[in-house]
Amino acid sequence: MTSVLLPEGELRVARCDMLDKLIAVGDGDAALLYLYILRHGGTDGSAAARALRLSADRYERAAFTLNNLIAPTEKTKAATDKSAEAPRYTGDELRRARLDDQTFSGLCDAAEGITGRALTEGQLRCLLTIYDYLGLDAGATIELLSYLKSEKGTVRTTDLRREANQWADMGIVTAQAAQQYLTRRADEKPLSEAIYRALGADTEQPAPKEQRVCRFALAHGFPADAVELAVHRTGQKQGHKSLDYTLGILRRWDNAGVHTVSEITALEPETRTSAVSAVPAAVGQTPAQPTDSATLAAWEQDWAARVRSHRRNTEE
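Mapped onto the numbering used here, the consecutive letters of the sequence shown carry residue numbers 1 to 316.
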């Protein structure tokens with residue numbers, strides 16, 4: 001394996017802290033995308049997706065994961081650098097763009113309809129930057145404006161600029177791509193909220209580590225009750241909440257190919273203590289008898305043994 005480290009040919013330098021984050025998050029698509037960006041010095045969404053053989057959905061998820069692995073200070077610096085590179089449109093350029101470019105003029109009219117007021121010069125400059133510099137077409141920008149209006153009740157220039165940069169980084173530059181992305185995001189919202197509740201997080205403002213666990217659960221197909229079971233087992237082992245430990249449990253289950261509670265408990269049966277403590281008895285309800293728990297555990301162990309045997313036979 002050390003042969004891959006021989007300094008032959010053209011070299012690229014990868015940051016160790018970024019590699020550590022990619023290893024920790026365990027997202028193969030994001031790691032491939034990072035290697036592609038290193039190799040080519042940047043990324044074009046459609047070209048990268050084709051080269052890596054990723055569907056649009058997998059590419060968007062990988063880009064989202066990779067973008068969120070950047071440290072806050074790095075994100076701020078990147079945003080500052082991008083803003084510094086953006087053209088400094090003069091007032092005359094803004095007016096000419098709105099008068100001479102019919103597509104951009106239509107975008108401005110749509111933006112005023114969505115916001116309910118005339119565009120200020122700052123808003124007009126932000127829109128032209130998105131349209132002319134970031135490369136989002138008019139349809140994608142209108143989808144973005146409508147999304148911000150429905151989610152936040154108003155369209156602030158700072159929110160518009162931040163989201164537009166993220167969309168451009170993910171290659172979401174057409175109306176169709178924007179609609180697909182927003183549909184998937186809307187579909188995932190109830191599940192992500194349920195996962196945040198399982199983690200004991202604020203669904204409106206989850207902490208960064210909570211977002212990380214949620215992203216992993218969504219990307220690898222863990223339902224909310226499986227995350228809740230991981231949180232419960234974290235408390236049993238650690239005696240306190242530990243999102244890193246919970247994420248480690250989810251990674252172990254993902255490596256074992258189990259994701260639902262029934263699959264997990266078949267492979268790793270709940271002990272009598274954990275089963276009883278996981279579901280407290282209601283007032284006046286008779287606790288489960290030890291023989292019942294023992295019988296259930298034996299049945300689950302037999303099931304797990306058959307699953308492992310089937311897996312070995314399949315591999316052979």
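Virtual Cβ for every residue (Gly too), placed ideally from N, Cα, C.
C-beta contact flag for residue i and residue j at 7 Å
i	j	result
A198	E228	yes
A86	T120	no
I320	Y181	A query on residue 320 cannot be resolved here, the shown segment of the chain reaching from 1 to 316 and no further.
V213	L243	yes
C108	R98	yes
T65	A30	yes
L148	D132	no
F222	L267	no
L218	E193	no
Y36	A48	yes
Y245	Q238	yes
L134	A164	yes
L52	L38	no
Helix, strand or coil at residue i according to DSSP, with G and I counted as helix
i	result
P290	The predicted position of P290 is uncertain, since its pLDDT is 38 and thus under 50; a value taken from the coordinates is nonetheless stated next. Reduced to three states, the DSSP call for P290 is helix.
K241	coil
T158	helix
V258	coil
L250	helix
T234	helix
Y89	coil
T120	coil
S105	helix
L33	helix
G26	coil
G113	helix
R39	helix
M18	helix
E263	helix
E268	coil
L54	coil
Reference residue i; option with closest CA among the options
i	options	result
L136	Q123, D169, V155 and T154	D169
R162	A178, Q179 and L144	L144
T141	A118, A186, T103 and R117	T103
V25	R156, H220, T154 and Q236	H220
T234	F222, T157, D225 and G248	G248
T157	A138, W167 and C126	C126
S146	A175, L134 and A118	A175
A63	G257, R215 and D92	R215
A224	A186, T260 and A56	T260
R117	D100, R88, D92 and T154	T154
D57	T183, T115 and H40	T183
S262	A226, L69, G200 and N255	A226
Buried or exposed by the 16-neighbour rule on C-beta atoms within 10 Å, applied to residue i
i	result
A282	Note on A282: pLDDT 36, under 50, position unreliable in the model; the coordinate value appears next. By the neighbour-count rule (16 or more Cβ atoms within 10 Å), A282 is not buried but exposed.
Q123	buried
E204	exposed
E112	exposed
I23	exposed
L202	Looking at the sequence provided, one finds Asp at residue 202 rather than Leu. When all chains shown are included, D202 counts as exposed.
E60	buried
D20	exposed
P269	buried
T90	exposed
D17	exposed
A186	exposed
D100	exposed
A138	buried
A207	exposed
D92	exposed
Exercise for the section: Would you mind listing the alpha helix (DSSP H) stretches within the stretch 137-221 that are 4+ residues and don't spill past its ends, in chain order? Expected result: Complete alpha helix (DSSP H) runs here, min 4: 138-152, 157-169, 175-198 and 208-220.
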